[in-house]
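2 protein chains.
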Amino acid sequence: MTTEFTTRLTEAVVDSFDGTSDARLRELLASLTRHLHAFVRDTEPTMAEWERAIYFLTATGRACTDTRQEFVLLSDVLGVSMLVETINSDRGTADEVTESTVLGPFHMTESPVRALGANIDLVGDGEPCVVSGRVLSRDGTPLPGAALDVWQANPEGFYDVQQPDIQPAGNGRGLFTADGEGRFWFRTCVPSPYPIPTDGPVGDLLEATGRHPYRPAHIHFIASAEGHTPVTTHIFVAGSDHLDSDAVFAVKESLVKNFAVTDDPSLAAEFDITNPFRHARFDLVLDLDAEQP
Amino acid sequence: MTTEFTTRLTEAVVDSFDGTSDARLRELLASLTRHLHAFVRDTEPTMAEWERAIYFLTATGRACTDTRQEFVLLSDVLGVSMLVETINSDRGTADEVTESTVLGPFHMTESPVRALGANIDLVGDGEPCVVSGRVLSRDGTPLPGAALDVWQANPEGFYDVQQPDIQPAGNGRGLFTADGEGRFWFRTCVPSPYPIPTDGPVGDLLEATGRHPYRPAHIHFIASAEGHTPVTTHIFVAGSDHLDSDAVFAVKESLVKNFAVTDDPSLAAEFDITNPFRHARFDLVLDLDAEQP
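Here the protein sequences line up with chains P and E, keeping their order. Last residue of the first sequence: number 293 in the UniProt record's numbering, and the count goes up by one each step with no gaps. Last residue of the second sequence: number 293 in the UniProt record's numbering, and the count goes up by one each step with no gaps.
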């Protein structure tokens, strides 16, 4: 009898959205209702468990501020952000173009425009390195003038926006323009693994489930070029701790790059860096816009 | 390739909860992950849709205060509250005991203890009526001394706690004790349909989906007696508007009661009410505690 009632209940809720004028919203809410009810039916939460879930969601909302997005963090640690990102970047060509990964919560300020070769480590307290490569179209054609938005945390694992009183604004950030042959190069410090914020409800969830909050060392990129689909991605430092247990599930094998120790005095002079130095080299390969002929 | 990645992603998230010491929490999170990911896979939300969902959840959390629970309201309009309530009250005997329905957000204050026959309509601005019946055990045995917590909105559709400056505290509320034969009776006014709060994100959702916010006229009850499982329920006024489209899906047929116009001078005198009067009569039937022999 209860089963019969609950089945009718689910259909009644789905039907209640029949009058939604936006067909896509109607589709999303119907699917949400079915999946949410299936979850409740499968797990049969007690009233106390339901109240605990309401409390958790409320606390997550209350933890959000202008500079902190705890619901994005929740989406991240449940793998939902990565799932949505991956579904949207699927152009059936993941072996030919650079794979995407999550944007993350720290792309919240404009990166300063910098000249190729500039150092984005404004403090200079990390291990110096060079990052270089080319932006290419899917067929290997270089993309001159491609834009490269770059951001990373400092060696202690904090972004400039998290430490406005300690780090200069724009530390670890740069907006670069590829040269006439699609090449880019800049200096920075080798990034470190760092924990996502743990002082909110999401931190409590990780604690209760015995999960560590760390992300492996990485640098964020958004690469874009005319006539091409932009890619939002990271490069991860090969050998970094937590590569196999990223708290937000963002690691894809193709994005793990060697920051090789390089002993090459003439290359060091070219990059204006002390020899020997760490050097990450990789190309960013963009897909053509779907609309392009 | 994306499909392969996303399948592995779901398993990776589920596996990340393997270290959860609380086995029930582990089970809930594993199931939540699978259902949430299935929803995302089925609907393939764009990044903009995902951002809109994050914004909606954040706004819902921010709308919560000490006297308002917008996440409970969201759970209500998605039928989740009713589903959880029904699953928990399923004792396989729904045809023999009084069915349950949602608690709702307005049982937030203690009901004043009142004598049998008292009028819970302290203002006297509605259509007077009598509510009477018996509290019984499943086999029909009366339950003397059973407790009956009752609450309802005023004729304009507001609970006392929503209008602390207009209604006297305890208006529409009463805590009654059944007499030696399990009987209860009290006076009130016939309740009216009313809208759930629409000035928050849940109201926006109803608006966007063309759903009305009304609940059919009802009176809330929690009935309890020694050795029995308490029941949280409503009675609905037969013939009320919105009985077939309750905004929170709480109507069960067995809970719809006739508030019959009664022309009986001696009964009116007994209840201390003007003849003729509206009279709702029904029994509340409780199940034995599972632990009882």
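Even glycine gets a Cβ: it sits at the ideal position worked out from N, Cα and C.
Checklist line | Distance between beta carbons of P:Asn154 and P:Val123, contact taken as under 8 angstroms | finding: For the purposes of this step, residue 123 of chain P is taken as the residue at position 123 of the first sequence. For the purposes of this step, residue 154 of chain P is taken as the residue at position 154 of the first sequence. Right, their Cβ atoms sit about 7 angstroms apart.
Item checked: P:Arg138 in three-state terms, based on DSSP -> In the first sequence, counting from the first residue as 1, residue 138 of chain P sits at position 138. If DSSP states are grouped into helix, strand and coil, P:Arg138 belongs with coil.
Next item on the list: Would you decide whether P:Met82 is buried or exposed? Buried here means 16 or more other CB atoms lie within 10 Å of its CB.
Entry: Locating residue 82 of chain P in the first sequence gives position 82, counting from the first residue. By the 10 Å Cβ count, P:Met82 comes out buried.
Notebook entry, point to check: Rounded to the nearest angstrom, how far is the Cβ of E:Leu29 from that of E:Thr20, given a contact under 8 angstroms?
Noted result: Within the second sequence, the letter at position 29 stands for residue 29 of chain E. Within the second sequence, the letter at position 20 stands for residue 20 of chain E. So it is a contact: roughly 7 angstroms between Cβ atoms.
Next item on the list: Have a look at the DSSP bridge pairing and note the partners of E:Asn258.
Entry: Position 258 of the second sequence, counted from the first residue, corresponds to residue 258 of chain E. Partner(s): none; E:Asn258 has no beta bridge.
Margin query: Can you tell me whether E:Ala280 is helix, strand or coil according to DSSP?
Written below: As a first step, residue 280 of chain E is located in the second sequence; it is residue number 280 there, counting from the start. E:Ala280: strand per DSSP, three-state reduction.
Notebook entry, point to check: Below 9 angstroms between beta carbons: does that hold for P:Gly182 and P:Pro142?
Noted result: To locate residue 182 of chain P, count along the first sequence from 1; it is residue 182. To locate residue 142 of chain P, count along the first sequence from 1; it is residue 142. Yes.
Note to self: Looking at P:Glu70: is its Cβ nearer than 9 angstroms to the Cβ of P:Gly79?
What the structure shows: On the first sequence, position 70 is the one that residue 70 of chain P refers to. On the first sequence, position 79 is the one that residue 79 of chain P refers to. No, the pair does not count as a contact, with Cβ atoms beyond the cut-off.
Note to self: When you compare the stretch 162–169 of chain P with the stretch 216–227 of chain P, are there three or more beta-carbon pairs, one atom per stretch, that lie closer than 8 angstroms?
What the structure shows: No, they do not touch.
Note to self: Output needed for P:Val130: all residues of its chain with C-beta closer than 7 angstroms, excluding positions within five of it in sequence on either side, in chain order.
What the structure shows: The residue you call residue 130 of chain P lines up with position 130 of the first sequence. Spatial neighbours of P:Val130 in its own chain (CB-CB distance under 7 angstroms, excluding positions within 5 residues in sequence) are listed in chain order as Trp185, Arg187, Phe271, Ile273, Phe277 and His279.
Next item on the list: Can you give me the start and stop residues for the beta strand (DSSP E) that E:Ala30 sits inside?
Entry: Taking the first residue of the second sequence as position 1, residue 30 of chain E is located at position 30. Here E:Ala30 belongs to no beta strand (DSSP E); instead the alpha helix (DSSP H) covers Ala23 to Thr43.
Check: Would a C-beta distance cut-off of 9 angstroms place residue 337 of chain E and E:His234 closer than the cut-off?
Finding: In the structure as shown, chain E starts at 1 and stops at 293, and residue 337 of chain E therefore has no counterpart that could be examined.
Notebook entry, point to check: Given a threshold of 16 other Cβ atoms within 10 Å of its Cβ, counted over all protein chains shown, does E:Ala269 qualify as buried or as exposed?
Noted result: Translated into the one-based positions of the second sequence, residue 269 of chain E becomes position 269. With fewer than 16 other Cβ atoms within 10 Å, it is exposed.
Notebook entry, point to check: From E:Pro195, E:Ser137, E:Thr3 and E:Ile87, pick the residue whose C-alpha is nearest to that of P:Ile87; which is it?
Noted result: Translated into the one-based positions of the first sequence, residue 87 of chain P becomes position 87. Cα-wise, what sits closest to P:Ile87 is E:Thr3.
Next item on the list: List the residues that DSSP assigns as beta-bridge partners of E:Thr65.
Entry: Numbered from its first residue, the second sequence carries residue 65 of chain E at position 65. Within the DSSP secondary-structure output, E:Thr65 pairs in a beta bridge with E:Arg68.
Notebook entry, point to check: Is the CB of E:Leu78 under 9 angstroms away from at least one CB in chain P?
Noted result: As a working note, residue 78 of chain E is residue 78 in the second sequence. True, the Cβ-Cβ gap to chain P drops below 9 angstroms.
Next item on the list: Please state if the CB of P:Ala178 and the CB of P:Arg134 are separated by a distance shorter than 9 angstroms.
Entry: Residue 134 of chain P sits at position 134 when you count from the first residue of the first sequence. Residue 178 of chain P sits at position 178 when you count from the first residue of the first sequence. It is a contact, given that the beta carbons lie within the stated cut-off.
Note to self: Once DSSP output is grouped into helix, strand and coil, what is the label at E:Asp204?
What the structure shows: In the second sequence, counting from the first residue as 1, residue 204 of chain E sits at position 204. Of the three classes helix, strand and coil, the one that applies to E:Asp204 here is helix, per DSSP.
Check: Who does E:Ser132 pair with in a DSSP beta bridge?
Finding: Locating residue 132 of chain E in the second sequence gives position 132, counting from the first residue. E:Ser132 pairs with E:Trp185 and E:Arg281.
Next item on the list: Would you identify the three-state DSSP class for E:Ala269, choosing helix, strand or coil?
Entry: Here residue 269 of chain E refers to the residue found at position 269 of the second sequence. In the three-state reduction of the DSSP assignment, E:Ala269 falls in the helix class, which pools H, G and I.
Next item on the list: Assign E:Ala223 to one of three DSSP states: helix, strand, or coil.
Entry: Taking the second sequence and counting its residues from 1, one reaches residue 223 of chain E at position 223. In this structure, DSSP gives E:Ala223 an extended state, which the three-state scheme calls strand.
Checklist line | Residues sharing a beta bridge with P:Leu288, DSSP | finding: For the purposes of this step, residue 288 of chain P is identified with residue 288 of the first sequence, where counting begins at 1. P:His228.
Notebook entry, point to check: Taking Cβ positions only, does P:Gly61 come closer than 9 angstroms to chain E?
Noted result: Here the question's residue 61 of chain P lines up with position 61 in the first sequence. Yes, P:Gly61 counts as interfacial toward chain E.
Checklist line | Span of the beta strand (DSSP E) around E:Leu148 | finding: Along the second sequence, read from residue 1 onward, the residue named residue 148 of chain E stands at position 148. In the DSSP assignment, E:Leu148 falls within the beta strand (DSSP E) that extends over Ala147 to Trp151.
Check: To the nearest whole angstrom, what separates the beta carbons of P:Val285 and P:Glu96, a pair I think is in contact under 8 angstroms?
Finding: The residue labelled residue 285 of chain P in the question sits at position 285 within the first sequence. The residue labelled residue 96 of chain P in the question sits at position 96 within the first sequence. About 7 angstroms separates the two Cβ atoms, so the contact holds.
Item checked: Own chain, CB closer than 6 angstroms to E:Leu206, minus 5 neighbours either side, in chain order -> Here residue 206 of chain E refers to the residue found at position 206 when the second sequence is read from its first residue. Pro213.
Check: What residues from chain E crowd round P:Glu44, counting only those whose CB sits closer than 7 angstroms?
Finding: Translated into the one-based positions of the first sequence, residue 44 of chain P becomes position 44. Those are Ile87, listed as they occur along chain E.
Margin query: Using 8 angstroms for Cβ pairs, my map puts P:Trp151 next to P:Ser111. What's the rounded Cβ distance?
Written below: Working through the first sequence from its first residue, we reach residue 151 of chain P at position 151. Working through the first sequence from its first residue, we reach residue 111 of chain P at position 111. Yes, they are in contact, since the Cβ atoms of P:Trp151 and P:Ser111 sit about 6 angstroms apart, within 8 angstroms.
Check: So residue 295 of chain E and P:His107 are in contact, right, with Cβ under 8 angstroms, and what is the actual spacing, rounded?
Finding: Chain E is shown from 1 up to 293; residue 295 of chain E falls before or after that span and cannot be answered.
Notebook entry, point to check: Are any of the Cβ atoms in chain P nearer than 9 angstroms to that of E:Leu25?
Noted result: Here residue 25 of chain E refers to the residue found at position 25 of the second sequence. A Cβ of chain P is located within less than 9 angstroms of the beta carbon of E:Leu25.
Margin query: Among the candidates P:Pro144, P:Val102, P:Ala147 and P:Pro168, whose CA atom is the shortest distance from the CA of P:Phe249?
Written below: On the first sequence, position 249 is the one that residue 249 of chain P refers to. For the options P:Pro144, P:Val102, P:Ala147 and P:Pro168, the alpha carbon positioned closest to that of P:Phe249 is the one of P:Val102.
Next item on the list: Within the same chain, show all residues whose beta-carbon is closer than 6 angstroms to that of P:Gly140, passing over the 5 residues directly before and after it, in chain order.
Entry: Counting from one through the first sequence, the residue named residue 140 of chain P turns up at place 140. Residues of the same chain with their beta carbon placed closer than 6 angstroms to that of P:Gly140 are lacking, with the five preceding and five following residues left out of the count.
Notebook entry, point to check: So is E:Pro45 buried or exposed if we call it buried at 16+ other beta carbons inside 10 Å?
Noted result: As a working mapping, residue 45 of chain E is identified with position 45 in the second sequence. Buried, because 16 or more other Cβ atoms sit within 10 Å of the Cβ of E:Pro45.
Next item on the list: Within its chain, find whatever has a CB closer than 6 angstroms to the CB of P:Pro216; leave out the 5 residues flanking it on each side and keep chain order.
Entry: Looking up residue 216 of chain P in the first sequence gives position 216. Excluding its 5 nearest sequence neighbours in each direction, P:Pro216 has C-beta neighbours in its own chain below 6 angstroms: Pro193, Phe236, Ser240, His242, Leu243 and Asp246, listed in chain order.
Note to self: Once DSSP output is grouped into helix, strand and coil, what is the label at E:Tyr194?
What the structure shows: Taking the first residue of the second sequence as 1, we reach residue 194 of chain E at position 194. It is a strand residue.
Notebook entry, point to check: Which term fits E:Asn275, buried or exposed, when burial requires 16 or more other beta carbons within 10 angstroms of its beta carbon?
Noted result: Within the second sequence, the letter at position 275 stands for residue 275 of chain E. Result: exposed.
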